[in-house]
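Trainee:
Number of protein chains: 2
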Amino acid sequence: MERLIVDMDGVLADVYEQFISFDMLDHGRRKKPSEIVGIPEHEAFENGKSYVRTPGFFRNAPVIHGSQRVLEKLNKKYEIFIVSSAIEFRQSLLEKIEWLEEHFPFITWEQIVLCGSKIMIKGDIMIDDHFKNLDSFEGKTYLFTQPHNQKFNSKDHERVSSWGEIESRLLTT
Amino acid sequence: MERLIVDMDGVLADVYEQFISFDMLDHGRRKKPSEIVGIPEHEAFENGKSYVRTPGFFRNAPVIHGSQRVLEKLNKKYEIFIVSSAIEFRQSLLEKIEWLEEHFPFITWEQIVLCGSKIMIKGDIMIDDHFKNLDSFEGKTYLFTQPHNQKFNSKDHERVSSWGEIESRLLTT
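Residue numbers (this note's numbering), protein chains in the order written: chain B, -11 to 161; chain U, -11 to 161.
#1: Considering Met(-4)/B, what are the terminal residues of the beta strand (DSSP E) in which it resides?
#2: Taking 8 Å as the threshold (C-beta atoms), are Val71/U and Ile109/U in contact?
#3: Residues of chain U with CB closer than 9 Å to the CB of Glu76/B, please, in chain order.
#4: When the Cα of Ser9/B is compared with those of Trp87/B, Glu98/B and Thr42/B, which residue comes out closest?
#5: By alpha-carbon positions, which one of Pro28/U, Ile27/U, Gly26/U and Gln6/U ends up nearest to Arg18/U?
#6: I think Gly152/B touches Gly54/B, with their Cβ atoms under 8 Å apart; what is that distance to the nearest whole Å?
#7: Spatial neighbours of Glu89/U within its chain, please: C-beta separation below 6 Å, excluding the five flanking residues on both sides.
#8: Give every residue of the same chain whose Cβ lies closer than 6 Å to the Cβ of Leu(-8)/U, excluding the five residues on either side of it in the sequence, and list them in chain order.
#9: Classify Asp116/U as buried or exposed, calling it buried when 16 or more other Cβ atoms lie within 10 Å of its own Cβ.
#10: Taking Asn141/B as the reference, give the member of Gln99/B, Phe125/B and Phe119/B with the closest Cα.
#11: Going by the DSSP bridge assignment, what does Ala1/B pair with across the sheet?
#12: Which whole-angstrom value describes the C-beta separation of Leu131/U and Glu146/U, a residue pair presumed to lie in contact below a C-beta threshold of 8 Å?
#13: Looking at the C-beta of Ile109/U, does it have a partner C-beta in chain B at a distance below 8 Å?
#14: Using 8 Å as the cut-off, can you tell me whether the stretch 18 to 29 of chain B makes contact with the stretch 89 to 104 of chain B, which would need three or more C-beta pairs spanning the two stretches below that distance?
#15: 8 Å is my cut-off, CB to CB: does Leu158/B come that close to chain U?
#16: Quick one: list the residues of chain U neighbouring Arg(-9)/B, beta-carbon separation under 7 Å, in chain order.
#17: Using beta carbons (cut-off 8 Å, strictly below), is Ser105/B in contact with chain U?
#18: May I ask you to list the residues that DSSP assigns as paired with Arg147/U?
#19: Going by C-alpha distance, which of Ser124/U, Asp2/U and Glu(-10)/U is nearest Thr133/U?
#20: Just to confirm, does Asp(-5)/U get its C-beta within under 7 Å of one of the non-hydrogen atoms of the ligand MN?
#21: Report the neighbours of Leu82/B on chain U: residues whose CB is nearer than 7 Å to its CB, in chain order.
#22: Just to confirm the assignment, what range does the alpha helix (DSSP H) spanning Asp117/U have?
#23: Going along chain U in order, which residues have a C-beta closer than 9 Å to the C-beta of Leu102/B?
#24: What's the gap between the Cα of Ile75/U and the Cα of Thr160/U?
#25: Would you verify that the beta carbon of Ile85/B is, or is not, closer than 8 Å to some beta carbon of chain U?
#26: Considering only residues of the stretch 41 to 88 of chain U, which uninterrupted alpha helix (DSSP H) runs meet the minimum length of 4 residues and lie entirely inside it, listed in chain order?
#27: Taking the alpha helix (DSSP H) that Ile24/B belongs to, which residues open and close that run?
#28: If you count every other CB in all the chains shown that lies within 10 Å of the CB of Gly26/B, and 16 or more means buried, which is it?
#29: For the beta strand (DSSP E) that Ile163/U lies in, which residues bound it at each end?
#30: Going along chain B, which residues have a C-beta under 7 Å from Phe69/U?
#31: Let's test the definition: count the other Cβ atoms within 10 Å of the Cβ of Met(-4)/U and tell me whether it reaches 16, buried, or not, exposed.
#32: Is Arg157/B helix, strand or coil when you go by DSSP?
#33: Where do the ends of the alpha helix (DSSP H) carrying Glu31/U lie?
#34: Quick test of your reading: Val58/B and Leu0/B, contact by CB under 8 Å. State the CB separation rounded to the nearest angstrom.
#35: Are Asn63/B and Phe94/B close, meaning C-beta to C-beta below 8 Å?
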């Protein structure tokens, strides 16, 4: 059984929607796509660094469309680990586990990894929205489209823009 | 720089001393070594499963002798990650990070991994007190002596019984 490493923020959890909502409360208007595309999250939102330290930011993130249905199917075919950068933001630790338990109840505690760096993660396939995590991975890599990575491409990583695309890559072959 | 994976409970944190103290409060006497040697932790202490869910169990664990001094030296020579099984016991997540911050302030958040299984961890050297973690590791493995593993040996893992022994293996060559 192949080991599939799945990122959480920006792949399962729609943290962009949280950034945009928090930013809207601060500035009174919703940021346009053109203001955030191609820009790192923490730069696109002036107060982004305080948002990710706000209780509830991770716990209340919306689920990315299609991820529940497809991940449940993948979980029967692959050895799945959800690997999420969390140690930097302490309040996120418990929030992330509770969020997974609520939205992905088929994922067990043995399948969750909370880390800082992902450089020591070993697997066959990785889905992540950050180049830094994919670049150090030895297996097949999928870049999940998010505004911050939209303008950049790498021949080393295959871009996927939805869970439907992941399904067609990993479940129909 | 070689990557060194270091376990927390039973290698840095003296969880046995915590088990013994909690058990002493329950039974009015200190368990003898003969009562715990060669027996899994959760069986050696009747109420062990409730101890590890008690707030403060991990936060107040004593530091294993020599680990601070030797790990600080190792941290200059190796790429170190502290990898600890924690997801099963939620109250332990924050306690473990705070404990590391207090006793091992030279370890940064990027170097901490809280997980369930360790099967997806990649590195050159691993120090752990549990066979299940060492058995799936691809690199060189050191079994750190603890009462539960004292009666068992494996030709695949080199036994070390103190941080002084780790120092002589990993720092003087």
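Ideal Cβ placement from N, Cα and C applies to all residues, glycine included.
Mentor: So, from the data block:
#1: Here residue -4/B corresponds to residue number 8 of the first sequence, with the count starting at 1. Segment: none, Met(-4)/B is in no beta strand (DSSP E) and carries neither H nor E.
#2: As a first step, residue 109/U is located in the second sequence; it is residue number 121 there, counting from the start. As a first step, residue 71/U is located in the second sequence; it is residue number 83 there, counting from the start. In contact: Ile109/U and Val71/U (Cβ atoms closer than 8 Å).
#3: For the purposes of this step, residue 76/B is identified with residue 88 of the first sequence, where counting begins at 1. In chain order: Trp97 and Glu98.
#4: Looking up residue 9/B in the first sequence gives position 21. When only C-alpha atoms are compared, the closest one is Thr42/B.
#5: For the purposes of this step, residue 18/U is taken as the residue at position 30 of the second sequence. Comparing Cα-Cα distances from Arg18/U to each of Pro28/U, Ile27/U, Gly26/U and Gln6/U, the minimum goes to Gln6/U.
#6: The sequence position of residue 152/B within the first sequence is 164, counting from 1. The sequence position of residue 54/B within the first sequence is 66, counting from 1. Indeed they touch by this definition, with Cβ atoms about 6 Å apart.
#7: For the purposes of this step, residue 89/U is identified with residue 101 of the second sequence, where counting begins at 1. Once the five neighbours on either side are set aside, Glu89/U has no close Cβ partner at all.
#8: Taking the second sequence and counting its residues from 1, one reaches residue -8/U at position 4. So the list reads Tyr66, Ile68 and Ile113, once near-sequence residues are dropped.
#9: In the second sequence, residue 116/U corresponds to position 128, counting from 1. Classification of Asp116/U: buried, given that the 10 Å Cβ count is 16 or more.
#10: Taking the first residue of the first sequence as position 1, residue 141/B is located at position 153. For Asn141/B, the nearest C-alpha among the options comes from Phe119/B.
#11: Walking along the first sequence from the start, residue 1/B turns up at place 13. Per DSSP, Asp(-3)/B and Val51/B.
#12: Within the second sequence, residue 131/U is the residue found at index 143, counting from 1. Within the second sequence, residue 146/U is the residue found at index 158, counting from 1. About 7 Å; that satisfies the 8 Å criterion.
#13: Working through the second sequence from its first residue, we reach residue 109/U at position 121. Closer than 8 Å to some Cβ of chain B, the Cβ of Ile109/U qualifies, so yes.
#14: no
#15: Counted from its first residue, the first sequence places residue 158/B at position 170. Output row for Leu158/B: interface = no.
#16: In the first sequence, counting from the first residue as 1, residue -9/B sits at position 3. Here the neighbours are Met108.
#17: Working through the first sequence from its first residue, we reach residue 105/B at position 117. So yes, Ser105/B belongs to the interface.
#18: Here residue 147/U corresponds to residue number 159 of the second sequence, with the count starting at 1. Note: Arg147/U sits in a beta bridge opposite Leu131/U.
#19: As a position in the second sequence, residue 133/U is number 145, starting the count at 1. Answer by Cα proximity: Asp2/U.
#20: Looking at this structure, you won't find the ligand MN or any other ligand, since it has none at all.
#21: The sequence position of residue 82/B within the first sequence is 94, counting from 1. Simply Arg78 and Leu81.
#22: For the purposes of this step, residue 117/U is taken as the residue at position 129 of the second sequence. Premise fails: Asp117/U is in no alpha helix (DSSP H) and is neither H nor E.
#23: Here the question's residue 102/B lines up with position 114 in the first sequence. Neighbours of Leu102/B on chain U, chain order: Ala74, Ile75, Leu81, Ile100, Val101, Leu102 and Cys103.
#24: Position 87 of the second sequence, counted from the start, is the residue given in the question as residue 75/U. Position 172 of the second sequence, counted from the start, is the residue given in the question as residue 160/U. In a straight line, the C-alpha of Ile75/U is about 35 Å away from that of Thr160/U.
#25: By one-based count along the first sequence, residue 85/B stands at place 97. It does; some Cβ of chain U falls within 8 Å.
#26: 55 to 65
#27: What you label residue 24/B is simply residue 36 of the first sequence in a count that begins at 1. Where Ile24/B is concerned, the enclosing alpha helix (DSSP H) stretches over Pro21 to Ile24.
#28: Position 38 of the first sequence, counted from the first residue, corresponds to residue 26/B. The residue is exposed, with fewer than 16 neighbouring Cβ atoms inside 10 Å.
#29: What the structure shows of chain U is the stretch from -11 to 161, and residue 163/U is not part of that stretch, so it cannot be assessed.
#30: Within the second sequence, residue 69/U is the residue found at index 81, counting from 1. Within 7 Å Cβ-Cβ: Met108.
#31: Here residue -4/U corresponds to residue number 8 of the second sequence, with the count starting at 1. With 16 or more Cβ atoms within 10 Å of its Cβ, Met(-4)/U is classed as buried.
#32: Locating residue 157/B in the first sequence gives position 169, counting from the first residue. Note: Arg157/B maps to helix in three-state DSSP.
#33: Position 43 of the second sequence, counted from the start, is the residue given in the question as residue 31/U. Here the alpha helix (DSSP H) through Glu31/U covers Glu29 to Ala32.
#34: In the first sequence, counting from the first residue as 1, residue 58/B sits at position 70. In the first sequence, counting from the first residue as 1, residue 0/B sits at position 12. With a Cβ gap of about 10 Å, Val58/B and Leu0/B do not count as contacting.
#35: The residue you call residue 63/B lines up with position 75 of the first sequence. The residue you call residue 94/B lines up with position 106 of the first sequence. Yes.
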